[in-house]
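J.: Below is the structure I would like to discuss, written out as structure tokens.
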Amino acid sequence: MNSNPSLHDLHILHRVATTLSFRKAALQLQQTPSAVSHAITRLEQQLQVRLFNRTTRSVRPTPAAEQLLQRLAPAFAEIDAALQQLQDSQGELRGRLRINLPRPAAHLLLAPRMAEWHARHPEVELELAINDALVDIVREGFDAGIRFGESLQQGMVATRVGAPVQFVVCAAPAYLAQHGTPQHPAELLQHACLQLRFPSGAYYQWELQREQEKMQLACQGPLASDDLEVLLQGTLSGMGLCYHYQAMVAPYVERGELVYLLQDWWPPAEHFYLYHPGRRLRPALLQALVDFLRSPR
């Protein structure tokens, strides 16, 4: 190694690895793609190791770069937090807040309140990365993530946010008129049940509970999707039963387009959690979002 790499160049390395694009990294850093490319070349010369495998269509970190970035990610998080804290201490909150969350959390927690958030903090840029797959928020450069409690990364500080989330079983009246109404969870195995598919390819098993009796059913049916809106439309059209978020189906139940089923067997309500690395206190921007999501609508 000819000399120690600069923090500036290491930051560019981190941004290119996060975006997997020299152009996107340049836009975020407000530099030219040429300057970003030169910085990476300079790093490779100093470290005497190749950092990216580049083609005309893709940019991927090499194993050596992956190993380096794993060590650097916590340090960059600390630097970002320190800089953000300095900005926050100067008065009105400003800056960018990057949150990774699944689609249900986006639709139930944030989408209905984005205008309210912007009115409170007009100088804050809220960047929402909607991703149903589990993501390493430290490695990917996010300030925080939102997930159900059982999906949280280890070593994170988690805070419960939003109202309780209830899962329900429902169907269209037309389907029930033709196929009958199940009276016990075991009968679901004889019905057409629309399936939620995870990004991993696995299917969600319907979880039902009455007092201490718990059931987890691998239901099957004519439609599977990773999009809850698609499953909702399929249920409305009479294709089958659906296991869904009550907050998303309630308007259709009120209008008589859907009917709740097996209400004595609905599982206990769950909560979303906002989580972030636990080695430091929350910066003011993140604390503001936690306070906002915990406040009544």
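According to my numbering, the sequence shown is numbered sequentially starting from 95. Glycine is no exception: its CB is placed at the ideal position from the N, C-alpha and C atoms.
(1) Going along the chain, which residues of its own chain have a beta-carbon closer than 7 Å to the beta-carbon of M95, five neighbours each way excluded?
(2) Identify which residue in H338, R197 and G243 has its Cα closest to the Cα of E301.
(3) If you draw a straight line from the alpha carbon of R117 to that of R151, how long is it in whole angstroms?
(4) Considering only DSSP beta bridges, list what R188 is partnered with.
(5) What are the start and end residues of the alpha helix (DSSP H) that includes Q357?
(6) In the DSSP assignment, find the alpha helix (DSSP H) that holds L383 and state where it starts and stops.
(7) By the three-class DSSP mapping on this structure, what secondary structure does T149 have?
(8) Alpha carbon to alpha carbon, how far is H370 from T135?
(9) Please list, in chain order, all residues of the same chain as Y346 whose beta carbon is under 7 Å from its beta carbon, the five residues on each side excluded.
(10) Identify the residues that DSSP records as bridge partners of H335: which are they?
(11) Who pairs with Y367 in a beta bridge, going by DSSP?
(12) Mind checking P390: buried by the 16 CB within 10 Å criterion, or exposed?
(13) What residue does the alpha helix (DSSP H) around F116 start on, and which one ends it?
(14) Just reading off the alpha helix (DSSP H) that R214 is part of, what are its end residues?
(15) Could you tell me whether the Cβ atoms of R197 and L322 are closer together than 8 Å?
(16) Using alpha carbons as the reference points, say which of E234, I240 and P362 lies closest to A199.
(17) Determine, using beta carbons only, whether Q303 and W359 come nearer to each other than 8 Å.
(18) Pull up the DSSP beta-bridge partners for I193, would you.
(19) With DSSP run on the structure shown, which of helix, strand or coil describes F261?
(20) Near A119, which residues of its chain fall below 6 Å by C-beta distance, leaving aside the five closest residues on each side in sequence?
(21) Look at the Cβ atom of I106, then the Cβ atom of A133, and state whether they are nearer than 8 Å.
(22) Tell me whether the beta-carbon of F404 lies closer than 8 Å to the beta-carbon of N194.
(23) Determine the DSSP secondary structure at M95, reduced to helix, strand or coil.
(24) Could you check where the alpha helix (DSSP H) with Q303 kicks off and where it finishes?
(25) Pick helix, strand or coil for A296, following the three-state DSSP scheme.
T.: So, to answer that:
(1) In this prediction, M95 has a pLDDT of 44, which is less than 50 and means its spatial position is unreliable; what the coordinates show is noted afterwards. Around M95: Q140, L141 and Q142.
(2) H338
(3) 12 Å
(4) For R188, which the question treats as bridged, DSSP gives no partner whatsoever.
(5) Per DSSP, Q357 belongs to no alpha helix (DSSP H) and is neither H nor E.
(6) A378 to R388
(7) coil
(8) 33 Å
(9) L330 and L352
(10) The amino acid at residue 335 is misidentified as His; the sequence shows Leu. The partner list for L335 (beta bridge, DSSP) reads C287.
(11) R241 and R254
(12) exposed
(13) F116 to L123
(14) M208 to R214
(15) yes
(16) I240
(17) yes
(18) L222 and A238
(19) strand
(20) R109, V110, T113 and V130
(21) yes
(22) Residue 404 is absent from the structure shown; the chain starts at 95 and stops at 391.
(23) For M95, the predicted structure reports a pLDDT of 44, less than 50, and the residue's modelled location is therefore unreliable. A value from the coordinates is still provided. Reduced to three states, the DSSP call for M95 is coil.
(24) It is not in any alpha helix (DSSP H) - Q303 instead sits in the beta strand (DSSP E) that spans W300 to R304.
(25) coil
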